[in-house]
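Q: From first to last, the protein sequence lines stand for chains W and R. Going by the working numbering, the final residue of the first sequence carries number 1475, and the count climbs one at a time with no gaps. Going by the working numbering, the final residue of the second sequence carries number 683, and the count climbs one at a time with no gaps. Using N, Cα and C, we set each Cβ at its ideal position, and we do this for glycine too.
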Amino acid sequence: MLEGKKVAVFGERDDVAGLAVRNCVEAAGAEVVYETTSCFV
Amino acid sequence: MSDLPVIPSAAYALLHVPDLVRYGSKPWREIARDPTLKTRLQSSQRSFDEAACYPPNRTFIGAITPPELSQLPRPWHAVQKGPGSADNAGLFGEVVPQDLAYALLQQADVLEPGLIAISSELQDKLSRRLADHPVLADLNVRTPDTLSESRLRERLENGSALPLRLGSTLAGCVQRDDRAEGAEDDNLDARTLLEGLAAKASAAVALKFLLHREKLAPDAIDFIISCGEEAAGDRYQRGGGGLAKAIGELCGCVNASGFDIKNFCAAPASALVTAGALVSSGIYERIAVVAGGSLAKLGMKFEPMLAQGLPILEDCLAAHAFLVTRDDGTSPLLHIEPGSVGLATIGSSASDEAVYRELLLEPLATLGLSLTDIDRFAPELHNPEIMEHAGSGDVAHKNYRMIAAMAVRAGAIEKKGMEAFIERVGMPGFAPTQGHIPSGVAYIGHALEAIRRGEIRRAMILSKASLFLNRLTLLYDGVSFVLEANRGLESRTP
Chain W
1435 MLEGKKVAVF
1445 GERDDVAGLA
1455 VRNCVEAAGA
1465 EVVYETTSCF
1475 V
Chain R
190 MSDLPVIPSA
200 AYALLHVPDL
210 VRYGSKPWRE
220 IARDPTLKTR
230 LQSSQRSFDE
240 AACYPPNRTF
250 IGAITPPELS
260 QLPRPWHAVQ
270 KGPGSADNAG
280 LFGEVVPQDL
290 AYALLQQADV
300 LEPGLIAISS
310 ELQDKLSRRL
320 ADHPVLADLN
330 VRTPDTLSES
340 RLRERLENGS
350 ALPLRLGSTL
360 AGCVQRDDRA
370 EGAEDDNLDA
380 RTLLEGLAAK
390 ASAAVALKFL
400 LHREKLAPDA
410 IDFIISCGEE
420 AAGDRYQRGG
430 GGLAKAIGEL
440 CGCVNASGFD
450 IKNFCAAPAS
460 ALVTAGALVS
470 SGIYERIAVV
480 AGGSLAKLGM
490 KFEPMLAQGL
500 PILEDCLAAH
510 AFLVTRDDGT
520 SPLLHIEPGS
530 VGLATIGSSA
540 SDEAVYRELL
550 LEPLATLGLS
560 LTDIDRFAPE
570 LHNPEIMEHA
580 GSGDVAHKNY
590 RMIAAMAVRA
600 GAIEKKGMEA
610 FIERVGMPGF
620 APTQGHIPSG
630 VAYIGHALEA
640 IRRGEIRRAM
650 ILSKASLFLN
660 RLTLLYDGVS
670 FVLEANRGLE
680 SRTP
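1. In whole angstroms, what is the alpha-carbon distance linking R/Y665 and R/A533?
2. Would you be able to state if there are at least three C-beta pairs under 8 Å between the region 404-415 of chain R and the region 441-448 of chain R?
3. For R/L336, which of helix, strand or coil comes out of DSSP?
4. At a CB distance below 9 Å, what residues from the region 624-648 of chain R approach chain W? Give them in sequence order.
5. Could you work out which residues of chain W lie near R/V584, taking near to mean beta carbons separated by less than 7 Å?
6. Could you compute how far the alpha carbon of R/V584 sits from the alpha carbon of R/M190?
7. Is there at least one Cβ from chain R nearer than 9 Å to W/A1554's Cβ?
8. Could you work out which residues of chain W lie near R/K653, taking near to mean beta carbons separated by less than 8 Å?
9. Determine the chain R residues that contact W/A1451 at a beta-carbon separation under 7 Å, and present them in chain order.
10. Counting only C-beta atoms, is R/S581 closer than 9 Å to chain W at any point?
11. Taking 9 Å as the threshold (beta carbon to beta carbon), is W/E1460 in contact with chain R?
12. Starting from R/L383, trace the alpha helix (DSSP H) in both directions and tell me its first and last residue.
13. Determine whether the Cβ of R/E503 lies closer than 9 Å to any Cβ atom of chain W.
14. Compare the C-beta of R/N452 against all C-beta atoms of chain W and say whether one is closer than 9 Å.
15. Near R/T682, what residues of its chain come up, given a Cβ to Cβ distance below 7 Å and the 5 sequence neighbours on each side ignored?
16. When the cut-off is 9 Å and only beta carbons count, does R/K227 lie next to chain C?
17. With distances taken Cα to Cα, identify the nearest neighbour of R/Y632 among R/D562, R/G441, R/Q269 and R/A508.
18. Along the alpha helix (DSSP H) that carries R/Y201, what are the first and last residues, could you check?
19. Closer than 9 Å, CB to CB, is W/V1466 near chain R or not?
20. Using DSSP with H/G/I as helix, E/B as strand and the rest coil, what is R/Q296?
21. Is the Cβ-Cβ distance between R/P568 and R/G606 less than 9 Å?
22. Per the DSSP calculation, R/P573 is bridged to which residue(s)?
23. Indicate whether R/E419 and R/A458 have their beta-carbon atoms separated by less than 9 Å.
24. Measuring only between beta-carbons, confirm whether R/L499 sits less than 9 Å from chain W.
25. What residues in its chain sit with their C-beta under 8 Å from that of R/L522, if we drop five residues either side in the sequence?
26. Once the 5 residues before and after R/V597 are set aside, which same chain residues still bring their CB inside 6 Å of it?
27. Reducing DSSP to helix, strand and coil, say where R/H509 ends up.
28. For R/R235, is the classification buried or exposed, using 16 other Cβ atoms within 10 angstroms of its Cβ as the cut-off for buried?
29. Helix, strand or coil for R/L352, going by three-state DSSP, please let me know.
30. For the putative contact between R/G481 and R/G417, defined by C-beta atoms under 8 Å, what is the C-beta separation to the nearest angstrom?
31. Can you tell me which of R/L461, R/R211, R/S339 and R/D562 puts its alpha carbon nearest to the alpha carbon of R/G361?
32. R/H571 CB to nearest chain W CB: under 9 Å?
33. Could you name each continuous alpha helix (DSSP H) segment of 4 residues or more that falls completely within the region 242-323 of chain R, going from the start of the chain to the end?
34. DSSP beta-bridge partners for R/L672?
35. How about R/D378 and R/R424: do their beta carbons lie closer than 9 Å?
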């Protein structure tokens, strides 16, 4: 589903971190064009 | 007696300052875009009584316990004053009303002429409030500056001062450092200086309650570590520090030295570990670890509150103070043996699992413990009522899910037992969203009491820090430690 897609990743420190999402979507064949992990506290 | 340090006592305080919410970072920026927002913020303020009887606030100051909070139906902000909830005091400290908070800000102000001036019509009343307080009266150390209302308005009109209001009444103002050495320095404008004064004054309140609880004279403290998130200093050393000694000076801790520890939200956990090491080594005997509240974080999530017709719940400056000493034979032990303090090394902090391995599993393994040997985990204990309305979900519960997931990975529990595990070791978040205040250490006061009552044997404090907010690294940090019932106490138990 993500093969060849470009993905912007927005992670959260107290939830799913950006890196974890990156690893998942890259494994699914997507290209991560932006990744960040935010802190909302 | 062991070689380990102990935490005999903790104190917590809330300064209810609804009229300072406008100086929080988010409200300040939004008011600049839309000045009518000031009126809407004012009409959404909570009264002092509402803030004092708010169940998370009562939990924070030790009037009720986290398990008692978990039994109260939500929304908590709908709780009205009722039997047993009218008092603003708890086991650990108080909710301080705004007029008294202004009197404390004046006392925190050491410049001549002062940065804070109160209306001459109100000064006597405010000074009397402080002088009559059973715990805080000693903070009444200087004769503050007063101004007539017309002079106050003049000062506000020239643009270098900000008003201090008590509802619709102009109570006073805080002004920038207008001396030659302070001129043209953005770090010394009225709002930035108020941040430092707010941190100092609120921390002093917590420290006074700590001394009061332990029946300690201020001169019995020989070192102070401040661990708040403020950045005091002028243009050449913004964030230089000096809060610890400033707080100690205000509280009369004449025999203490001190320094500040910075580690974002995890600074209190870092400071407690450092304090433990300093007393264990014999360098100091009684260390106070203190932190004041964050002016910048007042009203941080105000927009969803306004949009949903809720009161502004981020209206309190929160502060804490902990006493760290050598083993006294009774107080809960602070485990700082080599390998027992959880951390996040630079090489591992990119991965959640690696971080939690270092923060959670490895320290417990060093102590010969499993995750199921810990009775309570205290991660980020942000009040969910604030976070959920802001769309960020229940931060405490998210952290518990991660802890439970690590317990599954470690084979300590089965996956189907995750929720039951969380129920057993968890608690609702109850601390104001003031960064370093909710970060695990908000539970220490309750942990000490629960350990003393024999309800729990061990608690693990887990703090996280978003180092990446400094724009200098992408890392975050974690610090954890275990508190345990004193073995000396156990040996005396029949």
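A: According to the structure data:
1. Here residue 665 of chain R is taken as the residue at index 476 of the second sequence, counted from 1. Here residue 533 of chain R is taken as the residue at index 344 of the second sequence, counted from 1. Whole-angstrom Cα-Cα distance: 8 Å.
2. Contact holds: three or more Cβ-Cβ distances are below 8 Å.
3. Counting from 1 along the second sequence, the entry for residue 336 of chain R is found at position 147. Judged by DSSP in its simplified three-state form, R/L336 adopts strand.
4. Listed by position along the chain: G624, P627 and S628.
5. Start at 1 with the first residue of the second sequence, and residue 584 of chain R comes out as number 395. Near R/V584 (Cβ distances below 7 Å), the residues of chain W are D1448 and V1475.
6. Within the second sequence, the letter at position 395 stands for residue 584 of chain R. Within the second sequence, the letter at position 1 stands for residue 190 of chain R. Their Cα atoms are separated by approximately 38 Å.
7. Here chain W has residues from 1435 to 1475 only, and residue 1554 of chain W is not among them.
8. As a first step, residue 653 of chain R is located in the second sequence; it is residue number 464 there, counting from the start. Among the residues of chain W, those whose CB is under 8 Å from the CB of R/K653 are R1447 and D1448, following chain order.
9. Translated into positions along the first sequence, residue 1451 of chain W becomes position 17. Taking the beta carbon of W/A1451 as reference, the chain R residues within 7 Å of it are D541, listed in sequence order.
10. Within the second sequence, numbered from 1, the residue matching residue 581 of chain R stands at position 392. Cβ-Cβ to chain W under 9 Å: yes for R/S581.
11. Counting from one through the first sequence, the residue named residue 1460 of chain W turns up at place 26. At a cut-off of 9 Å between beta carbons, W/E1460 makes no contact with chain R.
12. Reading the second sequence from its first residue, position 194 is the one you call residue 383 of chain R. Its alpha helix (DSSP H) spans residues A379 to E403.
13. Counting from 1 along the second sequence, the entry for residue 503 of chain R is found at position 314. R/E503 does not count as touching chain W.
14. As a working note, residue 452 of chain R is residue 263 in the second sequence. No - not a single Cβ of chain W is within 9 Å of the one on R/N452.
15. For the purposes of this step, residue 682 of chain R is taken as residue 493 along the second sequence, with counting starting at 1. In this predicted model, R/T682 has a pLDDT of only 46, less than 50, meaning its place in the structure is not dependable; the value taken from the coordinates is given anyway. Nothing meets the Cβ criterion.
16. In the displayed structure, chain C is absent; the protein chains listed are W and R.
17. In the second sequence, counting from the first residue as 1, residue 632 of chain R sits at position 443. Of the listed residues, the one whose Cα sits closest to R/Y632 is R/A508.
18. Counting from one through the second sequence, the residue named residue 201 of chain R turns up at place 12. Where R/Y201 is concerned, there is no enclosing alpha helix (DSSP H), although the beta strand (DSSP E) it sits in stretches over P194 to H205.
19. By 1-based counting over the first sequence, the position of residue 1466 of chain W is 32. It does not: the Cβ of W/V1466 has no partner Cβ on chain R nearer than 9 Å.
20. If you number the second sequence from 1, residue 296 of chain R lands on position 107. It is helical.
21. Mapped onto the second sequence, residue 568 of chain R falls at position 379. Mapped onto the second sequence, residue 606 of chain R falls at position 417. Against a cut-off of 9 Å, the Cβ pair of R/G606 and R/P568 comes out as no contact.
22. As a working mapping, residue 573 of chain R is identified with position 384 in the second sequence. According to DSSP, which records beta bridges pairwise, R/P573 is partnered with nothing at all.
23. As a first step, residue 419 of chain R is located in the second sequence; it is residue number 230 there, counting from the start. As a first step, residue 458 of chain R is located in the second sequence; it is residue number 269 there, counting from the start. Taking the C-beta atoms as reference points, R/A458 is found no nearer than 9 Å to R/E419.
24. Your numbering for residue 499 of chain R matches position 310 in the second sequence. For R/L499, the answer is no, since every Cβ of chain W falls outside 9 Å of its Cβ.
25. Taking the first residue of the second sequence as 1, we reach residue 522 of chain R at position 333. Counting only Cβ-Cβ distances below 8 Å, and skipping sequence neighbours, we find S191, L193, P194, V195, D516, L672, E673, A674, N675 and R676.
26. Numbered from its first residue, the second sequence carries residue 597 of chain R at position 408. Closer than 6 Å at Cβ, skipping near neighbours: K604.
27. Here residue 509 of chain R refers to the residue found at position 320 of the second sequence. In the structure shown, R/H509 sits in a strand (DSSP, three-state: E or B).
28. Position 46 of the second sequence, counting from 1, holds the residue named residue 235 of chain R. Looking at its Cβ environment, which holds 16 or more other Cβ atoms inside 10 Å, R/R235 is buried.
29. Against the second sequence, residue 352 of chain R aligns to sequence position 163. Rather than Leu, the amino acid found at residue 352 of chain R in this sequence is Pro. Strand at R/P352.
30. The count along the second sequence starts at 1 and reaches residue 481 of chain R at position 292. The count along the second sequence starts at 1 and reaches residue 417 of chain R at position 228. Right, the Cβ-Cβ distance comes to about 5 Å (below 8 Å), so this counts as a contact.
31. Taking the first residue of the second sequence as position 1, residue 361 of chain R is located at position 172. That would be R/S339, whose Cα lies nearest to the Cα of R/G361.
32. Residue 571 of chain R sits at position 382 when you count from the first residue of the second sequence. Taking Cβ atoms only, chain W reaches closer than 9 Å to R/H571, which makes this a yes.
33. Fully enclosed alpha helix (DSSP H) runs of no fewer than 4 residues occupy 244-249, 255-259, 287-297 and 309-320 of the region 242-323 of chain R, in order along the chain.
34. Residue numbering aside, residue 672 of chain R sits at position 483 when the second sequence is read from its first letter. Per DSSP, R/L523 and R/A648.
35. Stepping through the second sequence from its first residue, residue 378 of chain R is reached at position 189. Stepping through the second sequence from its first residue, residue 424 of chain R is reached at position 235. Result no, Cβ atoms of R/D378 and R/R424 do not sit closer than 9 Å.
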